[in-house]
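28 is the number of the first residue of the sequence shown in our numbering; add one for each residue after it. C-beta atoms are modelled at their ideal positions from N, C-alpha and C, and glycine is treated no differently. All of these numbers come straight from a predicted model, not from anything done at the bench. The structure appears below as structure tokens.
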Amino acid sequence: VPRPPPAAPPRHFGERVLGIKHVLALMAPWKQPAYLTRVWCDFEIFTAVQNKVKLQVIMPPREAASLAEDLAGGGEAMDGLWRVLASVKVQDAKASVEQDRVRILQLIEKGPGFEQLNNEVARFLQQWFAQMLELQTRTLWGKGLDEEKGAELTRKVANFLRSLGQTRQAKDLLLLGLRSVGQNPLPRALLLRVLGVVEEAGGDFGAAQRTLEEALHLHEKTQTVNSLAGLRTLGNLGAVHMAAGDNQAAAGYFQRCLHGHKAAGTDGTTEVVAPLVNLTRIKLQQGDHRGAEQTYRECLKSLQAHGAGESPEAAQVQQALALLLQQTGRGEEALDLLRSALQTHRRLATLETEAARSIQRQLDALQQGNVATAQGRRPRPMMQMAQEPMMRPLSQMAQEPMMQMAQEPMMQMAQ
């Protein structure tokens with residue numbers, strides 16, 4: 028990797044990257060790569076990506092072995108690394124020589140700006156990470172991976188792929204996982220649920236409904252409907268029916284989901300955000316605005332309080348609240364919320380996903396003064412994520428669970 032002498036101007040460093048035409052980025056330690064904390068390193072990745080210079084990410088053998096061991100155990104540390112890769116901030120990076128740091132940050136600020144550099148570096152690293160994990164997961168299945176741990180690993184990797192808009196790759200990996208677990212009911216139900224989320228994201232509501240119904244049948248057969256996975260499946264089924272326009276069936280699934288959380292004692296956690304918001308959306312479609320704004324704001328407050336204020340879920344709640352504000356003539360507040368939601372996707376390097384594009388369309392229509400168009404482009408259902416976190420207390424939201432029926436599904440994701 029090229030390194031200029033301390034006094035060399037950053038622009039000369041960029042010229043060296045172009046001249047060498049091959050950059051090696053060292054990811055070590057893999058759980059918290061030191062490479063990303065160095066301003067020169069972030070700048071060289073950006074320079075390489077911008078100029079289509081060959082960029083290769085490498086790991087020392089010991090780190091690669093450690094990562095493989097974590098993956099074989101279900102990938103417990105993967106979520107943390109994904110967040111690290113998504114939160115690159117060159118303005119916080121360090122340099123051995125402070126003068127170098129100041130000069131390169133000035134160059135970035137006058138050129139692409141911190142936001143563009145951070146987003147491009149994050150997007151490249153996330154794509155590399157997802158592709159590498161997909162290959163590793165396929166290799167591990169070929170070596171006889173434990174079915175339960177393999178299903179959990181496949182779920183996580185498929186969600187990473189889906190969040191980058193790579194739904195075909197996510198679906199192919201999930202199908203491999205399903206072939207590998209065979210008829211083992213709980214790993215199969217887990218993978219089917221994530222597959223249903225991916226199919227819904229691709230607009231195939233019929234396939235998503237059939238897949239999720241199969242997952243629910245397995246939970247009923249094993250008497251695990253009131254488990255976290257079973258309740259998420261109910262919420263996802265409601266979201267798919269809602270996306271397909273069947274609000275009556277959707278409301279039934281959301282209510283079953285919320286009743287299940289109450290029976291399981293999890294009605295005071297963020298697990299109820301997606302079904303509750305979706306029920307509120309159905310209620311709004313029926314013309315009842317009372318309590319809807321409070322519910323949305325409570326959802327945002329809870330997500331913020333528990334470290335998820337800049338998450339895809341928070342962005343979806345902001346979009347739903349913006350639509351409500353538009354409908355009640357508060358366009359400026361709606362614009363602020365949509366801009367904030369879009370900024371979240373920028374920070375997460377997920378602007379290319381359908382969720383972000385939906386927000387952008389709504390924002391464009393509202394900015395152009397076409398409120399009717401903006402209101403007509405309803406947000407996608409909020410799909411409940413397939414990830415294990417987010418089991419954190421809600422404040423007043425838990426007191427309004429059974430809001431009869433709501434407006435456009437918020438799918439609880441397969442993350």
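Shortest alpha-carbon distance to N146 belongs to which of V124, E161, V115? Nearest C-alpha to N146 among V124, E161, V115: V115.
Kindly indicate the opening and closing residues of the beta strand (DSSP E) around A52. Segment 49 to 53, the beta strand (DSSP E) holding A52.
Under a three-way DSSP split, which group does A399 fall into? With a pLDDT of 48 at A399, under the threshold of 50, the predicted position of this residue should be treated as unreliable, and no value is reported.
Can you name, in chain order, every residue of its own chain whose Cβ lies under 7 Å from the Cβ of L112, other than the five neighbours on each side? Excluding sequence neighbours, L112 sits near A149, L152, Q153, F156.
Validate contact between the region 92 to 111 and the region 126 to 142 using beta carbons, cut 8 Å, 3 pairs: In short, these stretches do not touch, since the Cβ pair count stays below three.
Is the beta carbon of L261 less than 8 Å from the beta carbon of C284? Result yes, Cβ atoms of L261 and C284 sit closer than 8 Å.
With a threshold of 7 Å, establish whether the CB of L112 neighbours any heavy atom of the ligand ADP. The ligand ADP is absent from the structure shown, which contains no ligand whatsoever.
With a cut-off of 8 Å on the beta carbons, I'd call V80 and L45 a contact; round off their distance for me. Between the beta-carbon of V80 and that of L45 there is about 6 Å, and that keeps the pair under the 8 Å contact cut.
Three-way DSSP call (helix, strand, coil) for V252 in this model: DSSP places V252 in coil when its eight states are reduced to three.
Do T380 and G192 count as a contact pair if the criterion is CB distance below 8 Å? Here G192 is near T380, since their CB atoms are less than 8 Å apart.
Who are the Cβ neighbours of L375 in its own chain at under 6 Å, not counting the five residues just before and after it? Within the same chain, L375 has close Cβ partners A113.
Whether L213 touches F187 by CB criterion (8 Å): Contact: no.
What whole-angstrom Cβ distance do V225 and L201 have, given they're in contact under 8 Å? Cβ-Cβ separation between V225 and L201: approximately 7 Å, consistent with a contact (criterion under 8 Å).
Work out the CA separation of D173 and A99 for me, nearest whole Å. The straight-line gap from Cα to Cα measures roughly 8 Å.
Expected contact under 8 Å - CB spacing of A392 and L369 to nearest Å: Not confirmed; about 13 Å, so no contact.
Rounded to a whole number of angstroms, what is the C-alpha to C-alpha distance between Q250 and E240? Those two C-alpha atoms are separated by around 15 Å.
Buried or exposed for D119, please, with buried defined as at least 16 other CB atoms from any protein chain shown within 10 angstroms of its CB. Looking at its Cβ environment, which holds fewer than 16 other Cβ atoms inside 10 Å, D119 is exposed.
Using a Cβ-Cβ cut-off of 6 Å (strictly less than) and excluding sequence neighbours within five positions of A216, which residues of its own chain qualify? Closer than 6 Å at the Cβ level, and outside the excluded window around A216, lie A242, L245, H246.
Straight-line Cα distance separating K176 from R195: Here the alpha carbons of K176 and R195 stand approximately 23 Å from one another.
Let's see if you can read the secondary structure: which residues bound the alpha helix (DSSP H) around K176? Segment 174 to 190, the alpha helix (DSSP H) holding K176.
Look up Q59 in the DSSP assignment and say whether it is helix, strand or coil. In this structure, Q59 counts as coil in the three-state DSSP scheme.
DSSP state of T377, grouped into three classes? In this structure, T377 counts as coil in the three-state DSSP scheme.
Find out if the Cβ-Cβ distance for the pair V84, A52 is shorter than 8 Å. Cβ atoms of V84 and A52: closer than 8 Å.
Contact check, V221 vs A185, beta carbons under 8 Å: Yes. Within cutoff.
Report the rounded CA-to-CA distance for G318 versus F232, giving the unit in angstroms. In this model, G318 and F232 are separated by some 30 Å (Cα to Cα).
What are the complete alpha helix (DSSP H) segments, minimum 4 residues, inside the region 303 to 360? Runs found: 319 to 332, 339 to 354.
Straight-line Cα distance separating Y323 from V304: Cα to Cα, the separation comes out at about 7 Å.
By how many angstroms is the C-alpha of F73 removed from the C-alpha of L63? Near 12 Å, if we compare the C-alpha coordinates of F73 and L63.
Less than 8 Å between the C-beta atoms of H288 and V299, yes or no? Cβ atoms of H288 and V299: closer than 8 Å.
Which same chain residues, not among the five before or five after L330, have their C-beta less than 6 Å away from its C-beta? Excluding positions up to five away in sequence, the list reads G336, A341.
DSSP puts V84 in a beta bridge; with which residues? DSSP, once it has assigned bridges, lists A52 as partnering V84.
Could you give the DSSP three-state label for T296: helix, strand or coil? Three-state DSSP puts T296 in a strand.
Going by DSSP in three states, K79 sits in which element: helix, strand or coil? If DSSP states are grouped into helix, strand and coil, K79 belongs with coil.
What's the C-alpha gap between R259 and E42? R259 and E42 have their C-alpha atoms spaced approximately 52 Å apart.
Can you tell me which of the three DSSP states K116 falls into? Here K116 sits in coil by DSSP.
Label R308 either buried or exposed according to how many other C-beta atoms from any shown protein chain fall within 10 Å of its C-beta, with 16 as the threshold for buried. By the 10 Å Cβ count, R308 comes out buried.
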